[in-house]
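Undergrad: Residue numbers (our numbering), protein chains in the order written: chain B, 1 to 266; chain C, 1001 to 1161.
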């Protein structure tokens, strides 16, 4: 790892001000992605600004039809949160599948979505649940937030403070885990909103990162059941292909994971 | 350089380190606590697992500065004098190790697993929960046996306290 200067911020304002004073700063939350990347010398920030101890950025709250997860809340805390398990059990389940237990104690929802890895779990949940990303400057709809591989709508120095999820009528998540990395080889989040809209998002599939799957949404709108997806055709073009799975394999996985997610949602 | 103040195995310490120093290097190189190992150095193998404020974390994937103010326990800090921690004793009795390199991390993760699951542990759960710890001797069979054995012993010793 190259030299860097570590700062621990005690408030969002302090973190933003520290960022403004640094030449090439990065925000650090759980560090489960940023630190490995820095160790490989693929990133060499002049300063790292630790957000993980900012009290206002930690916690899970349910109020009415909204579940709010503050940005520095760890995967472990989401997976075990009574509020999350009650409001959106599929979301708590998703958090329980990220990485391994030690990673879940450190990694955060804000860090995951800011990084927007094309095989990360949370982006699929945000997109399918039509969540809103709250930052220190504005609110961004999930559909406008994810902009492709490792790219988001965040501006330089903008800090995610929370994510708010409308509580759906039904939701389910199914993931084919890569057995070594624990990332999604492909995973699908399905949701039926309280107003009856069907939203389906796949991660680990597209070369452009998390994506809605319109064909499956249409099939489920006509008939909310796993078998409704049997006849859907998912084109392999534009899907990821690597030594772990071809684009055709992932296209099929999108269907199979969607079917399992619908079955889980009930 | 920064001074990192933390409690390690019950003892308050203050260590001057470069900001880029990882927690595992603070422990090994500055405090000579070499029981915590660096295996893969890519957050996968779990040989570096220690407890920070009661939770099992990968010390190769934390800056020392992130542990400032924390209470850290390493493999050197779990026995009571000459009396092994029940998890250590169970690893010895069940031959839960071959080369021993992954053992400190396995034991620290395993204690965390038992603490989280209490009496609800079964073999499937232990295997699933140990997924962040890799044994390249592939000696998982006896490791799982040891964890299940220790889960029983830890319940008994908690009841006695």
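Where is the CB? At the ideal position from N, CA and C, for every residue including glycine.
So, does the CB of residue 1042 of chain C fall closer than 8 angstroms to a CB anywhere in chain D?
TA: No chain D appears in this structure, whose protein chains are B and C.
Undergrad: Fully enclosed by the segment 88-163 of chain B, which alpha helix (DSSP H) runs are 4 residues long or longer?
TA: For the segment 88-163 of chain B, whole alpha helix (DSSP H) runs of length 4 or above, ordered along the chain, are 89-96, 101-106, 109-115, 122-128, 142-145.
Undergrad: State the Cα-Cα distance for the pair residue 1029 of chain C and residue 1013 of chain C, rounded to the nearest angstrom.
TA: Position 29 of the second chain holds residue 1029 of chain C. Position 13 of the second chain holds residue 1013 of chain C. Going from the Cα of residue 1029 of chain C to the Cα of residue 1013 of chain C covers about 14 angstroms.
Undergrad: Just to confirm before moving on: does the CB-CB distance between residue 1126 of chain C and residue 1156 of chain C stay below 8 angstroms?
TA: In the second chain, the residue the question calls residue 1126 of chain C occupies position 126. In the second chain, the residue the question calls residue 1156 of chain C occupies position 156. Contact: no.
Undergrad: Restricting to Cα atoms, I'd like to know which of B:157, B:145, B:141 is closest to residue 166 of chain B.
TA: Counted from its first residue, the first chain places residue 166 of chain B at position 166. That would be B:141, whose Cα lies nearest to the Cα of residue 166 of chain B.
Undergrad: Roughly how many angstroms separate the alpha carbons of residue 224 of chain B and residue 172 of chain B, rounded to a whole number?
TA: Residue mapping note: residue 224 of chain B aligns to position 224 of the first chain, counting from 1. Residue mapping note: residue 172 of chain B aligns to position 172 of the first chain, counting from 1. Straight-line Cα distance between these residues: approximately 12 angstroms.
Undergrad: Between residue 1066 of chain C and chain B, is there a C-beta pair that is closer than 8 angstroms?
TA: The residue labelled residue 1066 of chain C in the question sits at position 66 within the second chain. Cβ-Cβ to chain B under 8 angstroms: yes for residue 1066 of chain C.
Undergrad: In the segment 84-106 of chain B, which residues sit with their C-beta less than 8 angstroms from some C-beta in chain C, listed in chain order?
TA: Here the close residues are 99, 100, 101, 102, 103, 105, 106.
Undergrad: Taking C-alpha atoms, which residue in B:120, B:9, B:65, B:14 lies nearest to residue 32 of chain B?
TA: Counting from one through the first chain, the residue named residue 32 of chain B turns up at place 32. For residue 32 of chain B, the nearest C-alpha among the options comes from B:120.
Undergrad: Cutting at 6 angstroms between CB atoms, please list the residues of its own chain near residue 62 of chain B, excluding the five before and the five after it.
TA: Locating residue 62 of chain B in the first chain gives position 62, counting from the first residue. So the list reads 83, 87, once near-sequence residues are dropped.
Undergrad: Rounded to whole angstroms, what is the Cα-Cα separation between residue 99 of chain B and residue 1 of chain B?
TA: Sequence index remark: in the first chain, residue 99 of chain B carries index 99 (1-based). Sequence index remark: in the first chain, residue 1 of chain B carries index 1 (1-based). Cα-Cα distance, rounded: 23 angstroms.
Undergrad: Quick one: what does DSSP say residue 19 of chain B is sitting in, helix, strand or coil?
TA: The residue you call residue 19 of chain B lines up with position 19 of the first chain. Three-state result, residue 19 of chain B: helix.
Undergrad: Among the candidates C:1120, C:1133, C:1123, whose CA atom is the shortest distance from the CA of residue 1100 of chain C?
TA: Indexing the second chain from 1 puts residue 1100 of chain C at position 100. The shortest Cα separation from residue 1100 of chain C among C:1120, C:1133, C:1123 belongs to C:1133.
Undergrad: Measuring straight from C-alpha to C-alpha, what distance separates residue 202 of chain B and residue 1094 of chain C?
TA: Residue mapping note: residue 202 of chain B aligns to position 202 of the first chain, counting from 1. Residue mapping note: residue 1094 of chain C aligns to position 94 of the second chain, counting from 1. In a straight line, the C-alpha of residue 202 of chain B is about 44 angstroms away from that of residue 1094 of chain C.
Undergrad: Run down chain C in chain order and give the residues with a C-beta less than 7 angstroms from the C-beta of residue 6 of chain B.
TA: Residue mapping note: residue 6 of chain B aligns to position 6 of the first chain, counting from 1. 1002, 1019, 1063, 1065, listed in chain order.
Undergrad: Taking C-alpha atoms, which residue in C:1124, C:1031, C:1119, C:1062 lies nearest to residue 1076 of chain C?
TA: Start at 1 with the first residue of the second chain, and residue 1076 of chain C comes out as number 76. Comparing Cα positions, the closest option is C:1031.
Undergrad: Tell me whether residue 180 of chain B sits in a helix, a strand or coil according to DSSP, three-state version.
TA: Within the first chain, residue 180 of chain B is the residue found at index 180, counting from 1. Residue 180 of chain B: coil per DSSP, three-state reduction.
Undergrad: Do you know offhand how far residue 49 of chain B's Cα is from residue 228 of chain B's?
TA: Your numbering for residue 49 of chain B matches position 49 in the first chain. Your numbering for residue 228 of chain B matches position 228 in the first chain. Their Cα atoms are separated by approximately 48 angstroms.
Undergrad: Tell me the DSSP secondary structure of residue 63 of chain B in three-state form.
TA: Indexing the first chain from 1 puts residue 63 of chain B at position 63. Looking at residue 63 of chain B - three-state DSSP - the assignment turns out to be strand.
Undergrad: Which residues, in order along the segment 13-31 of chain B, keep a beta-carbon less than 7 angstroms from a beta-carbon of chain C?
TA: So the list reads 31, given in the order they occur along the chain.
Undergrad: Give the DSSP bridge partners of residue 192 of chain B, in chain order.
TA: On the first chain, position 192 is the one that residue 192 of chain B refers to. Paired residue(s): B:170, B:198.
Undergrad: Just mark residue 1136 of chain C as buried or exposed, buried being the case when its beta carbon has 16 or more other beta carbons within 10 Å.
TA: In the second chain, the residue the question calls residue 1136 of chain C occupies position 136. It is exposed - the Cβ of residue 1136 of chain C has fewer than 16 other Cβ atoms within 10 Å.
Undergrad: Short check: CB of residue 157 of chain B to CB of residue 16 of chain B, under 8 angstroms?
TA: As a working mapping, residue 157 of chain B is identified with position 157 in the first chain. As a working mapping, residue 16 of chain B is identified with position 16 in the first chain. Cβ distance < 8 angstroms, so residue 157 of chain B and residue 16 of chain B count as in contact.
Undergrad: Could you check the C-alpha separation between residue 170 of chain B and residue 265 of chain B for me, to the nearest Å?
TA: The residue you call residue 170 of chain B lines up with position 170 of the first chain. The residue you call residue 265 of chain B lines up with position 265 of the first chain. Cα to Cα, residue 170 of chain B sits roughly 6 angstroms from residue 265 of chain B.
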